[in-house]
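Comments concern the structure below.
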Amino acid sequence: MQKTIELKVKEPFIQDFQKGVPLVSKEAITNESALKEEGAIIDLVDSTNNFLGRGYYGRQNKGIGWVLTNKQDEAIDFSFFQRKILKAINKRQGFYQDEETTAFRLFNGEGDGIGGLTIDYFDGYYLINWYSDGIYTFKEQVIQVLDNLGDYKAIYEKKRFDTKGKYMEDDDFVKGERGEFPLIIKENGMRYAVYLNDGAMVGIFLDQREVRKAIRDKYAKGKHVLNTFSYTGAFSIAATLGGADKTTSVDLAKRSKAKTIEQFSVNDIDFEQHDIRVMDVFDYFQYAQRHQLKFDMVVLDPPSFARSKKRTFSTSKDYPKLLMDTVSITKKNGVIVASTNNASFGMRKFKGFVEKAFKQMNTGYKILEEYHLPADFQVDRKFQQGNYLKVLFIQVK
110 MQKTIELKVK EPFIQDFQKG VPLVSKEAIT NESALKEEGA IIDLVDSTNN FLGRGYYGRQ
170 NKGIGWVLTN KQDEAIDFSF FQRKILKAIN KRQGFYQDEE TTAFRLFNGE GDGIGGLTID
230 YFDGYYLINW YSDGIYTFKE QVIQVLDNLG DYKAIYEKKR FDTKGKYMED DDFVKGERGE
290 FPLIIKENGM RYAVYLNDGA MVGIFLDQRE VRKAIRDKYA KGKHVLNTFS YTGAFSIAAT
350 LGGADKTTSV DLAKRSKAKT IEQFSVNDID FEQHDIRVMD VFDYFQYAQR HQLKFDMVVL
410 DPPSFARSKK RTFSTSKDYP KLLMDTVSIT KKNGVIVAST NNASFGMRKF KGFVEKAFKQ
470 MNTGYKILEE YHLPADFQVD RKFQQGNYLK VLFIQVK
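Numbering (my numbering), first residue to last: 110 to 506.
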């Protein structure tokens, strides 16, 4: 039987755990030194030893562990993992039955009751993301649950608990029959090439599914669309399939061009009719301004933090300036799709960035739509930090 470590919670944090907040921060604990090996079961108690919650010790950038249950008689064992994962699967039956979408999030961390663990489904393949050494100690239980469910082609994993939460380079294959990549998945009828064993990223961010659909179905027809920080060009594919006249995809990563060409090709689109540029997005803004280029639509989905030889970018500090640059190259009545996955601020602050940028540019705007995480990215209502995605469709007046 695994030994349980009792952690004393500081007075100001007791109410949070009583309300069901799942994240354990080191600031909340008086005896952090009691923690030795990640994966240890922890019981949170107040100063008079009243039970507040049970979870595990696992360090990631958000905190030092997660509460998994508020029931004192509930063990963290195979049965626990089985209950949680089966419940998550039952909630997503509609996705399994949707022939037009064959990739979705099956299990979303604390939103489904186990912080630090996500499982994505890619047309018969499972991809597990482990966000700490601590949750990784439960690998056997999680794999066994998936084995009991059966009917999968293979399981892959991403270990994201190197220093500063970085991905650990490894063979990501766990078991089953190795896939042949690219694997072509469907999303609302669009096709995307994904790689489950080729570094940290797979080629598409599943949380943007509804945004891509909106671009295709409502906004792209007849437009020239600029897709910045374009990665593998997923938004460009959605825009093109929605009838865009042309797309321009810009990303600093050298491999982005080949990856974007591949995405066009799997959708039977002539990539030579589109502009794919490997360059710093900020340099491209200057280029566009110099050449007086204006776009009908600009997709703006930067990483939360990025560093190149020339500059450092942080969404929490630099997004208003980025929006100002974007406004300067967007046509009147054009649309900016402003997006961020930074969990450190909410939609209210993000809308404040928009207001600040347009005020500085002395330009009017109208927010047409807003998007958060889609239904398969289940969110714990007591932990709003988990609802990280914020997307605004903004019309430039």
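Note that CB positions come from ideal geometry on N, CA and C, so glycine has one too.
The alpha-carbon of Asp316 is positioned some 6 Å away from that of Leu482. Here Gln487 has Asn217, Gly220, Asp221 as same chain residues with Cβ atoms under 6 Å from its own Cβ, once five neighbours each way along the sequence are excluded. The way I'd put it, the region 279 to 297 does touch the region 255 to 269; three or more beta-carbon pairs between them come closer than 8 Å.
Distance from the CA atom of Leu498 to the CA atom of Met299, rounded to whole angstroms, is 22 Å. In terms of CA proximity to Lys403, Val334 leads the group Val334, Ile228, Arg287. Here Glu147 is buried: its Cβ has 16 or more other Cβ atoms, across all protein chains shown, within 10 Å.
Following the DSSP letters along the chain, one finds Tyr230 in no alpha helix (DSSP H) but inside the beta strand (DSSP E) bounded by residues 226 to 231. Using a C-beta cut-off of 8 Å, the region 321 to 339 makes contact with the region 398 to 412, since at least three inter-stretch Cβ pairs fall below that distance. A residue is called buried once 16 or more other Cβ atoms fall within 10 Å of its Cβ, and Arg364, having fewer, is exposed. Here DSSP, grouped into helix, strand and coil, assigns Ala415 to strand. Between Gly455 and Gln504 a beta carbon distance of about 22 Å is seen, past the 8 Å cut, so the two are scored as non-contacting. Its Cα nearest to that of Arg287, the residue Tyr234 stands out among Ser241, Phe247, Tyr234, Val320. A residue is called buried when at least 16 other Cβ atoms come within 10 angstroms of its Cβ; Glu249 does not meet this threshold and is exposed.
Here the region 424 to 442 lies against the region 464 to 476, with 3 or more beta-carbon pairs under 8 Å apart.
For Arg457, the secondary structure class from DSSP, reduced to helix, strand or coil, is helix. C-alpha of Tyr245 to C-alpha of Val463: approximately 39 Å in a straight line. Rounded to the nearest angstrom, the Cβ distance from Ile294 to Phe231 is 5 Å, consistent with a contact under 8 Å. Taking the CA atoms as reference points, Gly259 sits about 21 Å from Trp239. For Leu258, the enclosing alpha helix (DSSP H) stretches over residues 248 to 258. Annotation for Arg300: the continuous beta strand (DSSP E) segment containing it runs 299 to 303.
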